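Trainee: Here it is, the structure in full.
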Amino acid sequence: MVDESRRRFIMGSGAVLAGGGLLLSLKQLEWPDDDGAVALSDAPRDAAPAYTTFEDLYRQQWTWDSVAKSTHFVNCWYQRGCAWDVFVKDGIVWREEQTGNYAQIAPNVPDYNPRGCQKGGCYSQKMYDEGRIKYPLKRVGERGEGRWQRITWEEGLQEIADRIIDVMISDGPGSIVWDMGTANTGGCNGTGVHRSGHVLDTPILDVNSDVGDHHPGAQVTAGKISFSGSMDDLFLSDLILIWGGNPTYTQIPNAHFINEARYNGAHIVTIAPDYNASSIHADTWIPVNVGTDAALGLALCQVIVEEGLENRAFIAEQTDLPLLVRKDTGLFLRGSDMEAGGAEDRFYLHDVVTGKIRACPHKSLALEGIQPALEGEFQARTLHGPVTVTPVFALLERQLADYTPEKASAITGIGADTIRALARRIAKARAATMVTQSVFSKFYHGLEMERCQILVLTLCGQIGRKGSGIVGFPAMTIAGSETINVSDADYSPKVGAMLLKLKAAPAFLKAKLAGMTDEMIVYDMVRDSYRQGGYIASNLYWYQVGLGKLIGSSAQYDPTMKRELDAFLQEAYEKGWQIRPPQNRPRIFLEVGGNILRRTRGYNRLYETLIKDLDLLVTFDWRMSNTALHSDYIFPAAGWYEKNDITWATPLAPYAHIISQAVPPVGESKSDWAFTCLLQKTIQKRARERNIETFVDRAGKTRRLDQVYDEFSFKGRYDENSDEKVLTDLLEMTTNLGGISWAEIKEKGYARYTGLGMSFINIGNATDIEPEATITANTWHTDDKLPWPTLTRRLQFYIDHPFFMEQGEQLPIHKDSPRLGGNYPLHLTQGHTRWSIHASWRDHRNLLRLQRGEPVILINAEDARRRHIEDGERVRVYNDIDSYETMAKIAPSLRPGQVMQFHAWEPYQFKDGKSYATITPSPINPLQVAGGYFHLQPLPDAATPGPSDRDTRVEIERIARA
Amino acid sequence: MSDHASIGREINGALVKPKRQLAMVLDLNKCLGCHTCSIACKTQWTNREGMDGQWWSVVNTMPGQGTPKGWEQMGGGFESDGRARAGIIPIRQEHGDAWRFNHGQVMFEGGGKTSHLHPMTFDDKVPDGGPNWDEDQGDGEYPNSYYFYLPRLCNHCTHPACVEACPRGAVFKREQDGVVLIDDTKCKGFRFCMEACPYKRIYFNHVRQVAQKCIFCFPRIEAGVAPACARQCPGRLRFVGYLDDEKAPIHKLIHEYKVALPLHAEYGTQPNVYYIPPLSPPEVDAAGNVREGTRRIPTDYLRTLFGPGVDSALDTLQKELDRKRAGAKSELLDTLIVYEWPRDIFPDFARSPADVPGDFHGR
Amino acid sequence: MSEISAPDAALWHRFPSVRVNLATAPVAMQPSKYVQAKWKDEEFGRLRALGFQAAHDGTELALRLEWPTEAPPRRTHRDNDEFPDAAALLFPLHEQAPVFMGTQDAPVSIWHWKDNGAPAAVANVAQGIGSSTVQPENNIGVSALWQDGRWQVVFRRLLMPAPAITTQPRFALDTPQRIGFAVWDGHRQERAGLKAFSPSWTEFVLAT
C-alpha cells in the first residue's frame, strides 16, 4: 500500500539530494530589486514574528484557579498510594500531577518521590468521560441492555428502601447482600457500608479470597497473611528475588527501589515462566514452567540442606522444624499425649543438651540454652506407652530427597546447575528478600507454592534483618477507629470505642495471661465477625447461588482427591471450620464498590442463576461497570476528586493518603457516605410511614426497623453531609498517624504511619515503625522472640490438620497443576496489567489508544505459527467449559505452551460479553476449607477458599478471515 | 547574523548556537515502560482541539517499529556533509492516530447486549496499528527474546532539521535555552518540518491546520519546574539540566563517564536528548541453564541506535556495578540512584507546580 | 452578479478569456534548504497555462480561473500527507511590488483558495517569499467546481472593500490592474513555494 513517492524515501536507497545553487538566472525572472543578495540559503526575510505573543499563548495554557490534594482510591494494592495535586480551572479539573514531597526517610536510602503512574495521571479525563454515571438511573428494558430512565434520588431511594423493607420482613436480612469490592476505604466509605451492614444485619461479601489475594500458603505457615517490609527496605538487600510478581507492571511507583537497589549492589533475580517486563532490568532471569514453583522452592531447599547451608540456629528458634511428630499417627506429639488433661496446643522437642524430650517454650521463642535436635528418632513416653517420634526437619529432609535439582529440573524446566547456583546465592546473601505478589494465590496448588517459597528464605534465616524478609499480603491502615462500625449509637464513636475496649478488657487480659500474643488475640476477635455472619466467604456464596457445579468440580481435575469437594465442604460446615453463608433466597444485592459481574470466575453463569433470582440489583458507582450495566438501579457515586475520605495502604509505601474535594460532585453524584446515610434515612422514614416497627435479625432477635437511621447516625450525630465530621472523628481516634487531624492531613495529602496499633490488618507486620528507618517485618518474632500466631507458635511447615493429611500435604510438596477445563495443550494464565487497576481504566480512551483498543491474548510465536495465527487476528479460545473470542498478539517473550490474557477487561469489551472468566472453572482446593486449627479458621481476608483460574487449559483457533 | 531567526541554522558554514542549551538524559536501565510521561504530556498540552492523536512523548518497545511506525526509515535530517536529506510525512495510521469508541452505544443507548466496546479509526476502519501497538514484543525467540523501552520526545536539536526546513521561519530555536518551538500563529501547515525531522516527532493538527510538537514545557522551565514528562516519571530516570553546567548530573553522565549517548547521531541534527543504554540479563540455554556473562540484547543492535560509544558505555556500567557489589563506592551509580528527588535529578528545576502562582500574571 | 458567481455559469462564455502562461516556481527560490534539496529533482508546478476571465457589475467583480488537472481532486484531505488543490491571485499593493510575493516596502495582496469547502478565500499580505500573513477579513467569496478534467474557480468581491481593509487592492474602472497567479496540485503534495506561477504580471482593465 506504500505508494511510489513514499517508497523512494526508504533510507539506504540512495535518495540523497543536493541542495543550494541557483538554477535559473535572476534576469529571466525579472526580479525588480535585484541586489544580488536574495541570499536564498539565508533565513527568510521578515521571519521574526512577535515571538513573545506566541509563547504567551502556551504560558497562558499553564494556568489554574486552585489546587487540592487528592489521589485515587482504587485498589492498586501493592503500589498504593500516591499523593497528587489536582489543578482546577473554571470549575473543572484540568489535570493532576504528583505532589512529590515525601521526605527522605532513612539517610543513604533513596526517597519515595514522586510516586504516581499513568493511570492516576489521567483520572482527570476518566471522571468526565462517556462512561461516567451522572444521574440516578432506572432500568427500562432487559437487564444488561443498557436502556435507562433518569430518575431523582428521592424516587430511587424510596423505591429501593421499600423493597428492602419488604424483604427484611418476608425473608430476613440474610436475603440482602452487599459487595464493597475493593473500593472500600478505611474512612467514611467503609464506615458507611460496614455500619449499614451492622445496623441492618445484612451480610457483606469478603472480597479478598474472592479475587484470590488471600495467600493461603502464608496463612497456613505464618498464621497470618498481612506482613511486609517497606519498599525502600529493598535498598538494603543484596539479593532480591522477584518471584510470583511483576513489579514493573504492578508496582510502578515502587519499582524504582528495585532498580536503585541494583545500583546499590543488589543482585536482582526474576523467576517467571515468561521473560516479563520485570526481567528486562534484572541481573538474572530464570524461566520456570508454569505452576511448578513449589518444585523449584523445594529443590532450592534440598541444595541448601544437602550442602549444610541452612541457618540452624534460626530454624531451631523460629520454626516448627524441631518439633516432634509421632511416627505412628503422623501427628505432632502433643501435651494431651503426654499428660492427663494436657493441652492440644503444647508441643515437644528433643533437647540435645539434656538428651531429653521436653515441652517447647510456649510464651516466648527464646530457647534459653535449649538446643533442639533437627534430626534423629526418639522415644516419647506417652500416656499410652512409648511412641517413636522424630523432628519435622527429619521428615522434611526425606521429602526433599524427591526434589534434587535433577528431579526438579524435569518438572520446572530449569537447569540443575542454575538451581544449585541460586540456592547458594540465597543462602550466602547478607540480606535476601522477595518481591512476590498474589499470583500464586490463584493457582489450585498455590498454597503449596507459597509455602515452598517461604521455606526457602526461612531455612536461610532471611527474615527480620534489614533488607531481608518474606512477604505475604501487604496491608496497613489507620488503627483505633474500627469500632465506629459497630459501637453503641448512644455514645460518640470515641466514647463508644472506649466502652468496647473496656468490655473486651477482661477477656483480653485473660488471653494474655494464658500466653496469647496481641496478634493472636486480635485475629481471634475478628474471627467473631465470621461466626456472627458479618462477612460471607465469597466463594462459598457463589457456590451456593449458582456456581456450585463449576467451582465444586475439583475432584474432576484433582487426581489426589478421593472424595468430592462438596463432602469436604459439608464436613467443614458441620464442624464449624467454615461458616455457611445465609441459606436465605438471595433477593437484593447491593453493589457498592465492586464489580461481581466481571471479577467472578464464571460470572456469565450468574446471569441465569443469582441475577435471575434477584428481585433487585442496585449499583452505586461512578462508572458504568458490567455489574452496573446489568442493574435495576444505578446511583451515581462522586469521583475521587469530588469527595473527602481516607483509606488503607500497605507497608510497602507506609503512608495514609487522603482524597479531598477539588470540585463539587459531577452531575447529581454523591459521596459513598452520603449514599449509605440517605439509604438508612429513607428506610427509617418509609418504615415509619408504613408502620413497620421491627424486623427479626439472623440470630432470631427482634430489632427496630424504624430506628435504623438513628442507630446508623449515632442518634443524629452525623447526616448525609457529615463526611468531614466522620473523618475528623476517625482521625481523633487513630493511634498510628502521629496524632494528625483531618484538617491537617487534608492539607498535606498524606501522613506516614507511626505504628501498627491493634488493627488486625496491621498487626501481622509485627514490627515497630521508626520515623527514620525503613520497615522490616516480623522483627517482633525474630528479635523480640514473640511467638508467631500459629498453632505451634512458630513458622509452621508441618500441618497435621485432617484435610492436609488426607491430601498428603502435611509437608510442603509439589503437585502438578491440574488441567482445569479439560486436557488442552495451552496453559492460560492471567495477570495484572500495567494499564488498569481492575476495570477502572479498562475503557479509558487514551490508555486504550496506547494498547490495541480491545482485549488481546498473548501467544508465543511458535505456538501461533503452528496454528496459522498471525499477529492481530481474531481467535477463538475454548475448552470443555465454554469459548470466547478475542484478538491474538504474538509475544516472543511468552513461554511456549502458555497463553496470557491480562485481566480486568469488562465483559462488554468482548463479543457477546464472554471473556476468559467464562472458560475458567476455578475449582476450590479442599485444603482451603480446612478450619478449626487455631490459625486455620476464617477471618476477614484470609482462611476462606479462593479461586484457581491460573491452571486453566485451552486451545486456540484462528477465526476464518472474512 | 545572530538574531533570533538564525539560531539553529548553518549560516556561512557555521552553526549558530544558542546562549545555553537544555538537555535531558534518560537512563534506560530504569524505564518501566509505564507511559506516565506520555500521559503527563497529554494532560498538560495535547488535550486540546485537534490534538487527540498527538503524543509528543512516546515510549517505544525496542526493537520495534516505533512511533510513528517505521520512523527510522522515513528520512530527514542531514547527510554527513551537511546536505539536507529528503524525508516523508508520516500518515495518521503510522502515528497511530486517535481511535474512537462507542461507549454510548454499549452503555446508555440500549446496545448492551447487541454490541461491544471497540475502537474505530478516524476513517472508520478496525485499527491495525497504534502508537504502542508492538508493546513488549521486541525481537528474538524464547527463551532468548529481548526488548527494552525507549521514551522519545523532540530532541530540541542543536542543528534542527525542522528549523532549516520551514520556508516561513515558523520554527525557531530559543536563544536562552535552545528550546525549539513551532510558532503555530505563523505556521501555515506546509509540513516540510514533518518531512525534515528524522525523529518524526512533529504532528499535524487537522482542525487548526498547523504543525505541533513538544515544547520542552518551556512555561514550566521558566518557572523553575521540570518538564511534565520528567517530573512525573515514577521511574526517576529523566535528568534535566543545562549542557554547560559542569556541576549538574547530566554533565557527569554525558562528558565525564560518557555513558549517556545520543540516539541516531548519524541523522546529523545533534540531538540534546541522551540515553544511557540498557544492560540486559544473560541468555538461557536449551537445558534451562543461565549462560552467565552474556547479554541478551545484541550490542550490534544497540550500536545501530546509540553509535560506537555504546560498547564502552555498557562496560562502564557493568564495571561500576561489579565494584559496588565488591563493596567499593561508585559516583556514577550514586548519581543514577537519585537519593533525593528532585534535587538529584533536575536540580535547577526542583520547584513543584503547586508552589507556582496559578495566575500567569503572578509569576 | 449572481448569474456569474457559479464557475460554470453560461454567462462566462460571453467574456474573453486570457491565456496566462505559468512556470514552475524555481527550486532555488524556495526559502529553505530542505525544500530545495528534496524537490530539486521532483516534478512539480507542471501546469503551463490557465484561463483567466474578469467581469463586474459596477459594484462587485468576479475573477474566474480555469485549468486542467491530471487527475480528479481528492474528496477529502484528512491525512497528514494529503494537500488540497489550490489557487491564488496576487495583486500589487505598491507600484514596485514584484510578482515574486512582494518585498518589505512593496507588499502584495494574495487571495488564496483551497479545495476544502470553505466559502471564502483566505486573504494574505506578503512582503517577500515566506512572509505571507493571514488577514482577518472574510470578504472574498469563492466558489469552485471540478468538471471534465478541469477546475473552474470564481473569486468574488466588492470593487471597493470597506475602508478598514487596507491590505487588499481597490479596483477602479477603466484603470489597468495587475494580477498574478499561482496554482498548486494537491496530488503532488504541492504547497508553499512548490507551485506553478505566473512569472510576470498580467494586466487587465475593467471597462465601464
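Chains as they are written, first to last, in this note's numbering: chain A, -6 to 955; chain B, 50 to 412; chain C, 4 to 211. Glycine included, each C-beta is placed from N, C-alpha and C at the ideal position. Values in this document were obtained by computation on a predicted structure and should not be read as measured data.
Could you tell me how far apart the beta carbons of Thr669 (chain A) and Gly185 (chain A) are, in whole angstroms, since I believe they sit closer than 8 Å?
Mentor: 3 Å
Trainee: For Ala89 (chain B), decide whether its Cβ has a neighbour in chain A, counting only Cβ atoms nearer than 7 Å.
Mentor: yes
Trainee: How is Gly232 (chain A) classed by DSSP in three states: helix, strand or coil?
Mentor: Before going on, a small fix: residue 232 (chain A) reads as Leu here, not Gly. Correct three-state label for Leu232 (chain A): strand.
Trainee: On the CB-based measure, 16 or more other CB atoms within 10 Å of its CB, does His861 (chain A) come out buried or exposed?
Mentor: exposed
Trainee: Please compile the residues from chain C whose C-beta is within a distance smaller than 9 Å of the C-beta of Pro200 (chain B).
Mentor: Ordered by position in chain C, no residue passes the 9 Å Cβ test against Pro200 (chain B), which lies about 23 Å from the chain.
Trainee: Under 7 Å, CB to CB, which of the residues in the segment 237 to 259 of chain A have a partner in chain B?
Mentor: Thr241, Ile245, Pro246, Ala248, His249, Asn252, Glu253, Tyr256, Asn257 and Gly258
Trainee: Taking a cut of 7 Å between CB atoms, which residues from the segment 24 to 50 of chain C lie near chain B?
Mentor: Gln33, Pro34, Ser35, Lys36, Tyr37, Val38, Ala40 and Lys41
Trainee: Please confirm if Ile264 (chain B) has its CB atom under 7 Å from at least one CB of chain C.
Mentor: no
Trainee: When you compare only the Cα positions, how much space is there between Ser474 (chain A) and His794 (chain A)?
Mentor: 36 Å
Trainee: In this structure, what does DSSP give as the bridge partners for Leu59 (chain B)?
Mentor: Note on identity: in this sequence residue 59 (chain B) is Glu, with Leu being the wrong assignment. Bridge partners of Glu59 (chain B): B:Leu64.
Trainee: In chain order, what residues of the same chain lie with their CB nearer than 7 Å to the CB of Tyr958 (chain A), ignoring the 5 residues before and after it?
Mentor: Past the boundaries of the shown model lies residue 958 (chain A); chain A is included only from -6 to 955, so the question cannot be answered.
Trainee: Ser379 (chain B) by DSSP, collapsed to three states: which one?
Mentor: coil
Trainee: Can you give the Cα-Cα distance for Ala259 (chain A) and Leu495 (chain A), rounded to whole angstroms?
Mentor: Rounded to whole angstroms, Ala259 (chain A) to Leu495 (chain A) spans 49 Å at the Cα level.
Trainee: Just checking: is the beta-carbon of Asn106 (chain A) within a distance shorter than 7 Å of some beta-carbon in chain B?
Mentor: yes
Trainee: Can you look up His249 (chain A) in the DSSP assignment and give me helix, strand or coil?
Mentor: In this structure, His249 (chain A) counts as helix in the three-state DSSP scheme.
Trainee: When you compare each of A:Ile477, A:Gln446, A:His355 and A:Ile245 to Phe707 (chain A) by their alpha carbons, which one comes out closest?
Mentor: A:Ile477
Trainee: Among A:Gly93, A:Ala642, A:Trp70 and A:Met469, which residue has its Cα nearest to the Cα of Lys741 (chain A)?
Mentor: A:Gly93
Trainee: Could you tell me the alpha carbon to alpha carbon distance between Gly29 (chain A) and Glu224 (chain B), rounded to whole angstroms?
Mentor: Residue placement at Gly29 (chain A) cannot be trusted, given a pLDDT of 32 that sits under 50; what the coordinates show is reported in the next sentence. The alpha-carbon atoms of Gly29 (chain A) and Glu224 (chain B) are separated by roughly 30 Å.
Trainee: Which residue wins for smallest C-alpha separation from Arg946 (chain A), given the options A:Trp828, A:Ile883, A:Gln823 and A:His837?
Mentor: A:Gln823
Trainee: To which residues of the same chain is Leu493 (chain A) closer than 7 Å at the C-beta, ignoring the five residues directly before and after it?
Mentor: Thr476 and Ser480
Trainee: Thinking Ile762 (chain A) and Pro647 (chain A) are a contact (beta carbons under 8 Å), I'd like their distance in whole angstroms, please.
Mentor: 7 Å
Trainee: Could you confirm whether any beta carbon from chain C is found closer than 7 Å to the beta carbon of Ser51 (chain B)?
Mentor: Low confidence applies to Ser51 (chain B): its pLDDT is 44, below 50, so where it sits in the model is not reliable, and the reading given next is rough at best. Taking Cβ atoms only, chain C never reaches closer than 7 Å to Ser51 (chain B), which makes this a no.
Trainee: Exposed or buried, what is Val488 (chain A) when buried is set at 16 or more other beta-carbons lying within 10 Å of its beta-carbon?
Mentor: Exposed, because fewer than 16 other Cβ atoms sit within 10 Å of the Cβ of Val488 (chain A).
Trainee: Let me know if Ala872 (chain A) comes out buried or exposed under the rule of 16 or more other beta-carbons within 10 Å of its beta-carbon.
Mentor: The sequence given here has Asn at residue 872 (chain A), not Ala. By the 10 Å Cβ count, Asn872 (chain A) comes out buried.
Trainee: Are the CB atoms of Leu25 (chain C) and Pro52 (chain C) within a distance shorter than 7 Å?
Mentor: It should be pointed out that residue 52 (chain C) corresponds to Ala in this sequence rather than to Pro. Their beta carbons are under 7 Å apart, which means Ala52 (chain C) touches Leu25 (chain C) by this criterion.
Trainee: Give me, in chain order, the residues of the same chain whose beta-carbon lies closer than 8 Å to that of Thr747 (chain A); leave out the 5 immediate sequence neighbours on both sides.
Mentor: Asn729, Leu730, Gly731, Ile762 and Pro764
Trainee: With DSSP as the reference, label Lys152 (chain B) as helix, strand or coil.
Mentor: Reading off the sequence shown, one finds His at residue 152 (chain B), where the question assumed Lys. Note: His152 (chain B) maps to helix in three-state DSSP.
Trainee: Any beta-carbon of chain C closer than 7 Å to the one on Glu213 (chain B)?
Mentor: yes
Trainee: Counting along the chain, where does the beta strand (DSSP E) carrying Thr956 (chain A) start and finish?
Mentor: No answer is possible for residue 956 (chain A): the residues shown for chain A start at -6 and end at 955.
Trainee: Cutting at 8 Å between CB atoms, please list the residues of its own chain near Gly342 (chain B), excluding the five before and the five after it.
Mentor: The answer, listed in chain order, is Pro331.
Trainee: On a CA-only basis, which of A:Arg255, A:Gly290, A:Leu599 and A:His837 is nearest Gln111 (chain A)? Give me that one, please.
Mentor: A:His837
Trainee: Would you say Tyr901 (chain A) and Asn619 (chain A) are within 7 Å of each other, going by their C-beta atoms?
Mentor: Cβ atoms of Tyr901 (chain A) and Asn619 (chain A): closer than 7 Å.
Trainee: Can you tell me whether Lys235 (chain B) is buried or exposed? The criterion is at least 16 other CB atoms within 10 Å of its CB, across all chains shown.
Mentor: buried
Trainee: By the criterion of Cβ-Cβ separation under 7 Å, what are the contact partners of Asp58 (chain A) in chain B?
Mentor: Simply Gly407.
Trainee: Give the interface partners of Glu133 (chain C) over in chain B, defined as CB-CB distance under 7 Å, in chain order.
Mentor: The identity of residue 133 (chain C) in the sequence shown is Gly, whereas the question assumes Glu. Chain B residues near Gly133 (chain C): Pro216, Arg217 and Gly218.
Trainee: For Ala195 (chain C), go through chain B and note every residue whose CB falls closer than 8 Å to its CB, in chain order.
Mentor: Pro216, Arg217, Lys237, Phe239 and Phe241
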